[in-house]
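Peer 1:
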Amino acid sequence: MRKKDNIFISTLSVISSIILYFVTKEPYGSAPKILACLSSAVVFFMIYEVVINKSLRTIYFLPYIVLSWLYFQSPFLLNEKTEYFLRTIKEEYISEISIYCFFSIILIFSGYTFFYNYSVKPLSSRESKFSNSQLRNLTILFIIIGILYRIGEKFSPDLVAQLSNLIQILFFAPSIVLALYTLYLLRAKSKFKIDLYHLFVILFIAFEFLLRLSTTLMVQVFILFFGGLLAYFSERKKLPMISIIIASLILMPLYQARKYFRVVREVETFGSSELAIGSQILKQTLSSNSGFDNKLSDFSETAYNKEHNRFENLSYISHVVLQHKRGSKSFLLGETFYWLPLVPIPRIIFPAKPVNDMSTGMATNYGVRGEFSNASINFPMLIEGYINFGFNGMLIMAFIFGLSMKWFVMKFGAGIGDLNLIIIINSMKHFVHAEGNITLVFGALIQIYLFWWVLINVFKVGVTRERQ
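Residue numbering for the sequence shown follows our numbering, starting at 7 and increasing by one per position.
What follows is the structure, given as C-alpha cells:
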C-alpha cells in the first residue's frame with residue numbers, strides 16, 4: 007500500500023509541476039523557469055506526503071523545503087524581475103545561480119528523505135503516553151514555567167535572555183501548554199465543562215496571545231498555536247480544517263495590520279504594557295472601524311519598498327555572488343562554522359565566547375544590510391555555504407542540511423510518543439528557519455538535544471512513565 011501511495015504521490019507531484027509551468031511566467035528566460043518547475047516536484051511530493059500519507063516525519067521538514075524553494079526558485083516564475091534596494095542583480099550570473107539553486111533544493115530533499123529512516127534511536131520511547139492526570143499536572147507545570155519566564159523578562163531581561171538561549175524550553179512553554187491541553191481534550195472521557203483548570207489554561211493562552219501580538223514578530227503567534235495543531239495531527243492523524251480556517255480568518259488581518267503598527271509606532275498611544283498593546287491591536291483590527299481600514303489602506307499604498315517580494319532570496323544570493331565574482335570578497339573556507347561547537351557553552355561560563363554577527367556585521371560587510379542599519383538581516387544557510395566554499399560548497403552543505411535535519415527529527419522520535427512530542431515542539435521553530443544561518447539553526451538544535459539528553463539520561467525524566 008505504501009509503494010502504491012508513493013507512486014500516486016509522485017505522479018501527482020509531476021502533474022502539479024507541469025501545471026505550475028503553464029500558469030507561471032519566465033522573467034529570466036526558459037532555462038531557469040524549467041529548473042524551478044522541476045525542483046517544485048519535490049516540494050509538491052512533501053506536501054502530498056503530509057496530506058495523503060499523514061507523515062509526521064515529513065511535517066517538520068515541509069516548512070523548510072517550501073520556504074527554501076520560495077526563496078531561491080520562485081523568483082524565476084514571477085511576472086516581473088526581482089528588485090530590492092541596496093542589492094545588485096547581474097543577469098549574466100542568473101543562469102549559474104539558477105542551476106546551483108535547483109540542485110541545492112534537490113540535495114536538501116535527498117538528504118532528508120533517503121537517510122536515517124530507521125537507524126536513529128529516539129531520546130524517548132515512541133510508546134510513551136501520559137495519563138489524563140499527568141497531562142493536567144504537566145499543563146499547570148508549563149504554565150508556571152511560562153509565567154516565570156515572563157516575570158524574568160520584565161525584571162531581569164539579560165539573565166532571562168541567556169537562560170532562554172541555553173534552556174529553550176522557557177520560550178516554548180506556552181506552545182507546549184497548548185499541545186498538552188489539546189491532548190487532554192482529545193483523550194478526556196468526560197464531557198467538557200469549564201472548571202478552574204480549563205479557565206486557568208484558557209486565560210494563560212489568551213494572555214500569551216496578546217503578549218506575542220504586541221511584538222514585532224508575528225511568527226511568535228504562529229508558534230504558539232502550532233503546538234496545539236501538531237498535537238492534534240499526532241493524535242488524530244488529520245488536520246482540524248475548520249479550526250485552521252477560523253484561525254486563518256482571524257490571524258491574516260492581524261498579520262497585515264501588524265506591519266502598520268510596527269512602522270508608524272501608533273502602538274505607543276495604546277498604553278505602556280504589552281498586554282494593553284496586544285489588546286488594542288486585536289480590537290482595532292477586528293472591529294468594523296472604517297477609520298482604521300482607511301489608515302491601513304493608505305499605509306499599503308505609500309509604504310516604502312511595498313512591492314518587494316518578502317519570499318525571495320534571489321537578490322541576496324545575486325548580490326553576494328557579485329562580490330565574489332568581481333574579486334571584492336574571497337571565500338571564507340569554513341570560517342563562519344567555528345561558532346557552532348561553541349553554542350552549548352553558556353556565555354556566563356565563557357564570557358569571551360565570540361558573538362555570531364552574521365546577521366549584523368557579516369551582512370553589512372557584504373552590502374545586504376545598510377551600514378548604519380539597526381536591523382538584523384538573516385544570512386541564509388545556503389548562502390553561507392556559498393561564501394565559504396563557492397557553488398560546490400553550497401551543494402555539499404545543502405545535502406548536509408537535509409541530512410542533519412532528518413537526524414534531529416528522528417532523534418526526537420518524530421514527535422511520536424508524548425515526551426517526544428514535547429521535545430519536537432521545543433525545537434519546531436528551528437525546523438522552519440530557512441533564513442537562519444548554520445549556527446543559529448543547528449546550534450539551537452544541539453542545545454535542545456543536550457538539554458533533553460541530560461533530563462532523560464541523568465535525571466530519568468519520562469523513564470517511569472515509559473515503564474508504566
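All C-beta atoms, glycine included, are put in the ideal place defined by N, C-alpha and C.
(1) Terminal residues of the continuous alpha helix (DSSP H) containing R316?
(2) If we call anything under 8 angstroms between Cβ atoms a contact, is G408 one with I114?
(3) To the nearest angstrom, how far is the alpha carbon of R473 from that of G419?
(4) If we cut at 8 angstroms on Cβ distances, does A179 have a partner in chain D?
(5) If we ignore side chains and look at the alpha-carbon of each, how far apart do I2 and L184 end up?
(6) Assign R193 to buried or exposed, taking buried as 16 or more other Cβ atoms, counted over all protein chains shown, within 10 Å of its Cβ.
(7) Quick check: what's the CA-CA separation for K195 versus E318?
(8) In angstroms, rounded to a whole number, what distance separates the CA positions of F14 and I53?
(9) CB-CB under 8 angstroms to E390, same chain, minus the five flanking residues each way: which ones, in chain order?
(10) Which same chain residues end up closer than 7 angstroms to R218 when comparing Cβ atoms and leaving out the 5 residues on each side of it in sequence?
(11) Looking at the unbroken alpha helix (DSSP H) that takes in W413, where does it start and where does it end?
(12) Quick check on the burial criterion: 16 or more other C-beta atoms within 10 angstroms. Buried or exposed for T2?
(13) Tell me whether K244 sits in a helix, a strand or coil according to DSSP, three-state version.
(14) Check this for me: beta carbons of L475 and L260, under 8 angstroms apart or not?
(15) Hey, is the stretch 119-130 in contact with the stretch 449-468, meaning 3+ C-beta pairs nearer than 8 angstroms?
(16) Skipping 5 residues on each side, what residues in its chain have a beta carbon closer than 6 angstroms to that of T94?
(17) Can you give me the C-alpha to C-alpha distance between S240 and I422, rounded to a whole angstrom?
(18) On the three-state DSSP scale, how would you describe K10?
(19) What number of angstroms, rounded off, separates the C-alpha of Y77 from the C-alpha of A369?
(20) Alpha carbon to alpha carbon, what distance is there between F437 and P69?
(21) Quick one: any contact between the stretch 38-51 and the stretch 392-402, if contact means 3 or more CB pairs under 8 angstroms?
(22) Alpha carbon to alpha carbon, how far is L26 from M224?
(23) Who are the Cβ neighbours of I152 in its own chain at under 6 angstroms, not counting the five residues just before and after it?
(24) By Cβ distance below 7 angstroms, which residues in the same chain neighbour A450 in space, the five residues on each side in sequence not counted?
(25) Rounded to whole angstroms, what's the CA-CA distance from E55 to L388? Just pull it up for me.
(26) So for K199, helix, strand or coil by DSSP?
(27) Would G452 and P350 be called neighbours here (beta carbons separated by less than 8 angstroms)?
(28) Specify the secondary structure class of E55 as computed by DSSP and reduced to three states.
(29) So, is T145 buried or exposed, given that buried needs 16 or more other C-beta atoms within 10 angstroms?
(30) Determine the burial state of L83: buried for a count of at least 16 other Cβ atoms within 10 Å of its Cβ, exposed for fewer.
(31) With distance defined between alpha-carbon atoms, name the residue in S101, K199, F337 nearest to E32.
(32) Quick check: S19 and F51, are their CB atoms within less than 8 angstroms of each other?
(33) Leaving aside the five residues before and after F210 along the sequence, list all residues of the same chain whose C-beta is less than 6 angstroms from its C-beta, in chain order.
(34) Return the chain-ordered list of same chain residues with a C-beta closer than 7 angstroms to the C-beta of S382, the five sequence neighbours on each side being excluded.
(35) Rounded C-beta distance between G376 and L186? I'm assuming under 8 angstroms.
(36) Work out the CA separation of T119 and H330 for me, nearest whole Å.
Peer 2: Taking the structure as given:
(1) Note, R316: premise wrong, no alpha helix (DSSP H); not H, not E.
(2) Cβ atoms of G408 and I114: closer than 8 angstroms.
(3) Low confidence applies here, because R473 scores a pLDDT of 42, under 50, leaving its location unreliable; read the following figure in that light. Rounded to whole angstroms, R473 to G419 spans 17 angstroms at the Cα level.
(4) Absence of chain D from the displayed structure is noted, only one protein chain being present.
(5) Since the first residue of the chain shown is 7 and the last is 474, residue 2 is not available in this structure.
(6) The residue in question, R193, is exposed, as its Cβ has fewer than 16 Cβ neighbours within 10 Å.
(7) Roughly 48 angstroms between the two C-alpha positions.
(8) Taking the straight line joining both Cα atoms gives about 13 angstroms.
(9) So the qualifying residues of the chain are T342, M364, M403, N443, I444.
(10) Within the same chain, and ignoring the five residues on either side of R218 in sequence, the residues whose Cβ sits closer than 7 angstroms to its Cβ are Q226, V227, L230.
(11) Start and end: 387-417.
(12) The requested residue 2 does not occur in the structure, where the chain is confined to residues 7 to 474.
(13) Residue state, collapsed to three classes: coil.
(14) Residue 475 is absent from the structure shown; the chain starts at 7 and stops at 474.
(15) Per the Cβ contact rule, the stretch 119-130 is in contact with the stretch 449-468 (3 or more Cβ pairs under 8 angstroms).
(16) Excluding positions up to five away in sequence, the list reads H325, L328.
(17) So the two alpha carbons sit approximately 7 angstroms from each other.
(18) In the structure shown, K10 adopts helical secondary structure according to DSSP, grouped into three states.
(19) Taking the straight line from one Cα to the other gives about 17 angstroms.
(20) Those two C-alpha atoms are separated by around 7 angstroms.
(21) By the Cβ rule, the stretch 38-51 does not count as touching the stretch 392-402, because fewer than three pairs are nearer than 8 angstroms.
(22) Spanning the two alpha carbons is a distance of roughly 29 angstroms.
(23) Per the sequence shown, the amino acid found at residue 152 is Gly instead of Ile. Excluding positions up to five away in sequence, the list reads A179, P180.
(24) Answer for A450: Q174, H436, listed in chain order.
(25) Put simply, the backbone Cα of E55 is about 25 angstroms away from that of L388.
(26) DSSP places K199 in coil when its eight states are reduced to three.
(27) Per the sequence shown, residue 452 should be read as Ile rather than Gly. By the CB criterion at 8 angstroms, I452 and P350 fall inside the cutoff.
(28) In the structure shown, E55 falls within a helical segment according to DSSP collapsed to helix, strand and coil.
(29) T145 counts as buried, since at least 16 other C-beta atoms from the protein chains shown sit within 10 angstroms of its C-beta.
(30) Classification of L83: buried, given that the 10 Å Cβ count is 16 or more.
(31) When only C-alpha atoms are compared, the closest one is S101.
(32) For S19 and F51, yes; Cβs fall inside 8 angstroms.
(33) Closer than 6 angstroms at Cβ, skipping near neighbours: I149.
(34) Within the same chain, Cβ atoms closer than 7 angstroms to the Cβ of S382 are found at S365, T366, the five residues on either side in sequence being excluded.
(35) Contact annotation, G376 with L186: C-beta distance approximately 43 angstroms; criterion of less than 8 angstroms not satisfied.
(36) Taking the straight line from one Cα to the other gives about 33 angstroms.
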